[in-house]
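Below is one structure, written out as structure tokens, with a few remarks after it.
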């Protein structure tokens, strides 16, 4: 379920002090019911899924990602020198000492994202290219039934007018194809791993 931006901005996340110049583009409630300490499992699920690149299930979602990466290769949007650490300074440089010295989060393999930090109730990862600098923020929040669930926010900082136009152009495709497929995929995998989470550590 898509949530209002205030579902992210009204919570005391540490990301606010790091990415205050980014715009909250999307906020989603994730279909991941669990206990108060289950964020670690959700982060592990994201890391496992992203290790081979960002992708969703479903024909529309796969087609959109395929088109996006082919366009990026053709137009040079994703060249090594166009991302975080080269054209864009990493948000790691903005982290206060306690976050910088704490857990960074998982290695995301060949995904364009890189973990920034991980806490008990939030995890953040960043990516960048010639169009945008973006943050994926995963929080762990109480739900209406007395349990907890995941919440995903996407924060963006477009690269000039071109980046702003790019974000506007892809917005309907994100809502029609990408996010619905991603939510279904997250929910199915969370349910499939329920027994694993309940097993003694």
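In the numbering used here, the protein residues as written are -10 to 190.
Built from N, CA and C at the ideal position, the CB exists for glycine as well.
Secondary structure note for residue 141: its beta strand (DSSP E) is the uninterrupted segment 137 to 147. Taking residue 120 as reference, the option from 156, 169, 81 and 166 with the minimal CA-CA separation is 156. Residue 106 sits buried, since 16 or more C-beta atoms from the chains shown fall within 10 Å of its C-beta. Beta-bridge annotation (DSSP): residue 121 is paired with 147. DSSP places residue 17 inside the beta strand (DSSP E), whose first and last residues are 12 to 18.
For residue 106, the uninterrupted beta strand (DSSP E) segment begins and ends at 103 to 107. Pairing residue 103 with residue 179, the inter-Cα distance amounts to about 22 Å. Under the DSSP assignment, residue 29 falls in the alpha helix (DSSP H) whose first and last residues are 28 to 39. Spanning the alpha carbons of residue 27 and residue -8 requires a straight line of approximately 21 Å.
By the CB criterion at 8 Å, residue 16 and residue 158 fall outside the cutoff.
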